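Following the working numbering from start to finish, the sequence shown increments by one per residue and tops out at 1601. We put the CB at the ideal spot given by N, CA and C, even for glycine. Note that this is a predicted model, so its numbers are computed, not measured. Here is the structure we will look at, set down as structure tokens.
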Amino acid sequence: MICYAFPLAHEASDLLKECTQKEQFSIGGLHCTLANFRGRPILVALVGMGQIQAAENAAAIFMYFRPKALVLAGYGGALVPQMRPLFPASTIFLDRLTIPQLVSAQARLTVFISNDTGPAHIAAAVGTPVVMIMDRPDPHSFTPAGDVNRLIFGPTINEIPVAQVYRAAHELIALSRTDNLFRAEK
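Rendered as structure tokens:
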């Protein structure tokens, strides 16, 4: 299961609108919704705005649910420094890599989701499918091109629905798996 952690409830609303079989519950101060998104179970968690509270809630998510991945959505990315001490030493945070390390890590990814940043262009350059979210109405000459990349536009990045990004990522994952199957037959 994948967990999407949001600091605030309104940031999760677009994703939850597209979900079915929703079951809401709380564990202490952690408010959660187990749901079905496009046939797959997900956990949507409201971790809160305070950095210590949010980091502790994210640690509780791993303790209780053991998700395959935790996506820090909304303003959640700012929480990494506070989260490090709360997780086992074996937890991998990819936030301080050298350029060669970043290139190596990104070459192994199934899909990379980012706003218009240097790491997004590096991922595209090494052939990793990219979902790029942008706060402009149309592409410019410096966006990754090709069938394996998706560009999502909005007036601001915060106004781009999480569900739209999720759909684009799943589409690229499905394309990647299909391509691998056909390559195996040759």
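Following the continuous beta strand (DSSP E) through residue i, name the residue where it begins and the one where it ends.
| i | result |
| --- | --- |
| P1570 | Looking at the DSSP string, P1570 is not in any beta strand (DSSP E), and its letter there is neither H nor E. |
Within the continuous alpha helix (DSSP H) that includes residue i, where are the two ends?
| i | result |
| --- | --- |
| E1426 | 1424-1432 |
| P1534 | 1533-1540 |
| P1515 | 1514-1522 |
If you draw a straight line from the C-alpha of residue i to the C-alpha of residue j, how long is it?
| i | j | result |
| --- | --- | --- |
| L1431 | V1459 | 8 Å |
| A1538 | I1588 | 15 Å |
| I1548 | E1438 | 29 Å |
| L1517 | I1528 | 14 Å |
| R1480 | A1560 | For the record, residue 1480 in the displayed sequence is Phe; it is not Arg. If you take the alpha carbons of F1480 and A1560, they lie about 37 Å apart. |
| M1478 | R1455 | 21 Å |
| P1482 | D1550 | 30 Å |
| I1442 | D1562 | 42 Å |
| N1573 | H1585 | 20 Å |
| V1580 | I1567 | 7 Å |
| G1463 | V1546 | 26 Å |
| N1530 | F1440 | 32 Å |
| I1575 | S1519 | 29 Å |
Return yes when the Cβ of residue j is within less than 9 Å of the Cβ of residue i, no when it is not.
| i | j | result |
| --- | --- | --- |
| N1564 | T1558 | yes |
| N1472 | A1420 | yes |
| T1513 | V1526 | no |
| T1448 | A1469 | no |
| I1476 | L1445 | yes |
| A1578 | F1452 | yes |
Per DSSP, what are the beta-bridge partners of residue i in this structure?
| i | result |
| --- | --- |
| Q1436 | Answer by DSSP bridge pairing: none, since Q1436 is not bridged. |
| A1460 | A1420, C1447 |
| I1528 | V1546 |
| F1452 | R1455 |
| N1564 | V1545 |
| I1442 | L1445 |
What does the Cβ neighbour count give for residue i, buried or exposed, with the cut at 16 atoms within 10 Å?
| i | result |
| --- | --- |
| P1435 | Residue identity differs from the one stated: residue 1435 is Thr in this sequence, not Pro. Exposed, by the Cβ-count rule. |
| A1583 | buried |
| G1533 | exposed |
| P1422 | buried |
| A1504 | exposed |
| A1522 | exposed |
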